[in-house]
Amino acid sequence: MRLTRRGCLVNFIERRQWFLAGSYHEGLIHVYSYETEVQEVNSFCAHDKFLESMAIHPTQPYVLSSCDTQIKVWDWDKDWECIRTFMEHSHTVKQIAFNPWNTNSFASASRDHTVKVWSLDSSRSMCTLSGHSDEVNCLDFFMRDNQQYLITGSEDMTAKIWDLQKEMCIETLKGFMFPVVSIVSHPRLPLVIIGTRNGIVHLWSLSNFRLERILHIGCHQGVRGLAALMGSTRVIIGHGSAVSMLEIHDEEPVDSKAEMEGPYERQG
Numbered sequence: 001m002r003l004t005r006r007g008c009l010v011n012f013i014e015r016r017q018w019f020l021a022g023s024y025h026e027g028l029i030h031v032y033s034y035e036t037e038v039q040e041v042n043s044f045c046a047h048d049k050f051l052e053s054m055a056i057h058p059t060q061p062y063v064l065s066s067c068d069t070q071i072k073v074w075d076w077d078k079d080w081e082c083i084r085t086f087m088e089h090s091h092t093v094k095q096i097a098f099n100p101w102n103t104n105s106f107a108s109a110s111r112d113h114t115v116k117v118w119s120l121d122s123s124r125s126m127c128t129l130s131g132h133s134d135e136v137n138c139l140d141f142f143m144r145d146n147q148q149y150l151i152t153g154s155e156d157m158t159a160k161i162w163d164l165q166k167e168m169c170i171e172t173l174k175g176f177m178f179p180v181v182s183i184v185s186h187p188r189l190p191l192v193i194i195g196t197r198n199g200i201v202h203l204w205s206l207s208n209f210r211l212e213r214i215l216h217i218g219c220h221q222g223v224r225g226l227a228a229l230m231g232s233t234r235v236i237i238g239h240g241s242a243v244s245m246l247e248i249h250d251e252e253p254v255d256s257k258a259e260m261e262g263p264y265e266r267q268g
C-alpha cells in the first residue's frame, strides 16, 4: 500500500473485508481488500481538495466523505457512484458520522461554528444546531434514557450536548484548557471520552454530565483520534506518532477506573 503524499484517513468495512484509505491532500479514496492478502481493488477521486472525513454506513453500501463545504455519499454497489451531494455549510466540514440508531441520517461538524443533521433522502439539512462560538471539530451520537443525543467538541474549548428531538443544547461541558479535537461515546458505559489539543483525555459521565477523570497520556501533541472497541471496555487513543489503549472497568466507580497501556510507537 502506498499513498503518494503524507496524511491518510482509514476506515474499515468489516462485512466486505475492505478498508478505505483516504489520501488527505489529494482527495483520493483507495479501496483495499484484506480477505487473503492486502491488495488494492479500486481507487477514485472523491474530491479535488483536502479530504477531511469519511464515514461508513452500518448496513447500506454507502460511504460518506467530506471536503471543504461539500459532503458526498458514494454507493459501492453502483461502482462507487456519487449518489448525492450536500452543500449547506459555509466553511470546511471537519467530521461526519452516521446516526447508529437512525441510519438514514447523519451529522456534520463544521468550521462555520455549526452542526447540521441530514437525511440521506434529501440534499437539504433537517436542522442546524448553533451555539458554539468557534469551529466545531468533532461529534458523536449517544443514547440516554432511550433518547438520542449528539455531543460536539469545538475550538471554543467546550463540548455541547444536544437533544436531537428538541434540536437544542441541553448542557455545555466546560473546563478544558485547550480545544476539543476528538470525541467518542462509550458503547457499553454511560461515559464519553474527550481528547484535547494538548494531548489530555477527559472522561465525562453521560448520566449527570460531570467530569470523572483526567488522564495525562504522556504526550504533548493533540489527541488525533479515539475509538471504542465494541464488546469491550477498551478505548484506543491516537496521539502524535503513537497509540495507547485505555481499559475501563465497569465494576468500579468511574472516578477510579482507568488503566493505560502503551503508548505503542509507530514503526517505519
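What the sequence shown shows, in UniProt numbering, is residues 1 to 268, in sequence order. Think of the CB as a built atom: it goes at the ideal place given N, C-alpha and C, for glycine as much as any other residue.
inquiry  = Tell me the DSSP secondary structure of Trp76 in three-state form.
reply    = Taking the sequence shown and counting its residues from 1, the one referred to as residue 76 is at position 76. Three-state result, Trp76: helix.
request  = Could you check which residue in Glu81, Thr92, Phe86 has the C-alpha nearest to that of Asp68?
outcome  = On the sequence shown, position 68 is the one that residue 68 refers to. It is Thr92.
key: Boundaries (first-last residue) of the beta strand (DSSP E) holding Thr172   = Translated into positions along the sequence shown, residue 172 becomes position 172. For Thr172, the enclosing beta strand (DSSP E) begins and ends at 168-173.
ask   = According to the Cβ coordinates, are Ile96 and Met54 closer than 9 Å?
value = Taking the sequence shown and counting its residues from 1, the one referred to as residue 96 is at position 96. Taking the sequence shown and counting its residues from 1, the one referred to as residue 54 is at position 54. Contact: yes.
query = Since Leu173 and Trp204 are thought to touch, with beta carbons under 8 Å apart, how far apart are those beta carbons, to the nearest angstrom?
reply = One-based indexing of the sequence shown puts residue 173 at position 173. One-based indexing of the sequence shown puts residue 204 at position 204. The C-beta separation of Leu173 from Trp204 comes to about 6 Å, placing the pair in contact by the 8 Å criterion.
Spatial distance of Met177 from Met157 (CA atoms) = Residue 177 sits at position 177 when you count from the first residue of the sequence shown. Residue 157 sits at position 157 when you count from the first residue of the sequence shown. If I take the Cα positions, the gap works out to 7 Å.
request  = Starting from the Cα of Asp112, find the closest Cα among Arg16, Thr128, Glu171 and give me that residue.
outcome  = As a working note, residue 112 is residue 112 in the sequence shown. The residue among Arg16, Thr128, Glu171 with its C-alpha nearest the C-alpha of Asp112 is Thr128.
query = Phe44 and His25 look like a contact to me (Cβ under 8 Å); what is the Cβ gap, rounded to whole Å?
reply = Counting from 1 along the sequence shown, the entry for residue 44 is found at position 44. Counting from 1 along the sequence shown, the entry for residue 25 is found at position 25. That pair is no contact at about 16 Å.
query = What number of angstroms, rounded off, separates the C-alpha of Phe209 from the C-alpha of Tyr149?
reply = The residue labelled residue 209 in the question sits at position 209 within the sequence shown. The residue labelled residue 149 in the question sits at position 149 within the sequence shown. Their Cα atoms are separated by approximately 13 Å.
query = Where does Arg15 sit, in a helix, a strand or coil, going by DSSP?
reply = Numbered from its first residue, the sequence shown carries residue 15 at position 15. Judged by DSSP in its simplified three-state form, Arg15 adopts helix.
inquiry  = Taking the alpha-carbon of Gln221 as reference, which of Arg234, Ala242, Arg213 has the nearest alpha-carbon?
reply    = Taking the first residue of the sequence shown as position 1, residue 221 is located at position 221. It is Ala242 whose Cα lies nearest to the Cα of Gln221.
query = Where Gln165 and Glu88 are concerned, what is the direct C-alpha to C-alpha distance, given to the nearest angstrom?
reply = The count along the sequence shown starts at 1 and reaches residue 165 at position 165. The count along the sequence shown starts at 1 and reaches residue 88 at position 88. Here the alpha carbon of Gln165 sits roughly 21 Å from the alpha carbon of Glu88.
inquiry  = Going by DSSP in three states, Ser125 sits in which element: helix, strand or coil?
reply    = Here residue 125 refers to the residue found at position 125 of the sequence shown. Secondary structure of Ser125 (DSSP, three-state): coil.
ask   = So Leu64 is in the beta strand (DSSP E); what residue range does that whole segment cover?
value = Your numbering for residue 64 matches position 64 in the sequence shown. Here the beta strand (DSSP E) through Leu64 covers 62-67.
ask   = In the structure shown, what three-state DSSP assignment does His132 receive?
value = For this step, residue 132 is matched to residue 132 along the sequence shown. In this structure, His132 counts as coil in the three-state DSSP scheme.
query = Relative to the alpha-carbon of Lys160, which residue among Ser66, Met126, Thr114, Glu40 has its alpha-carbon at the smallest distance?
reply = Position 160 of the sequence shown, counted from the first residue, corresponds to residue 160. Looking from the CA of Lys160, the closest CA among Ser66, Met126, Thr114, Glu40 belongs to Thr114.
key: Residue range of the beta strand (DSSP E) that includes Gly27   = Position 27 of the sequence shown, counting from 1, holds the residue named residue 27. In this chain, Gly27 is not harboured by any beta strand (DSSP E), its DSSP state being neither H nor E.
query = What is the DSSP secondary structure of Leu226, reduced to helix, strand or coil?
reply = Taking the sequence shown and counting its residues from 1, one reaches residue 226 at position 226. Strand at Leu226.
Residues near Pro61 by beta carbon distance below 7 Å, same chain, minus five either side = As a working mapping, residue 61 is identified with position 61 in the sequence shown. Within the same chain, and ignoring the five residues on either side of Pro61 in sequence, the residues whose Cβ sits closer than 7 Å to its Cβ are Asp75, Trp76, Asp77.
key: Alpha-carbon to alpha-carbon, Ala21 and Thr152   = One-based indexing of the sequence shown puts residue 152 at position 152. One-based indexing of the sequence shown puts residue 21 at position 21. Here the alpha carbons of Ala21 and Thr152 stand approximately 25 Å from one another.
request  = Would you please state the rounded distance, in angstroms, between the beta carbons of Leu139 and Ile183? I believe it to be under 8 Å.
outcome  = Residue mapping note: residue 139 aligns to position 139 of the sequence shown, counting from 1. Residue mapping note: residue 183 aligns to position 183 of the sequence shown, counting from 1. Separation of the CB atoms of Leu139 and Ile183 is rounded to 6 Å, and the pair is thereby assigned contact status at 8 Å.
ask   = Which runs of the alpha helix (DSSP H) spanning at least 4 residues fall entirely within the region 143-192, listed in chain order?
value = Correct list: empty.
message = Taking 8 Å as the limit between beta carbons, can you name the residues of its chain near Met143, skipping five residues before and five after?
response = For this step, residue 143 is matched to residue 143 along the sequence shown. Counting only Cβ-Cβ distances below 8 Å, and skipping sequence neighbours, we find Trp101, Tyr149.
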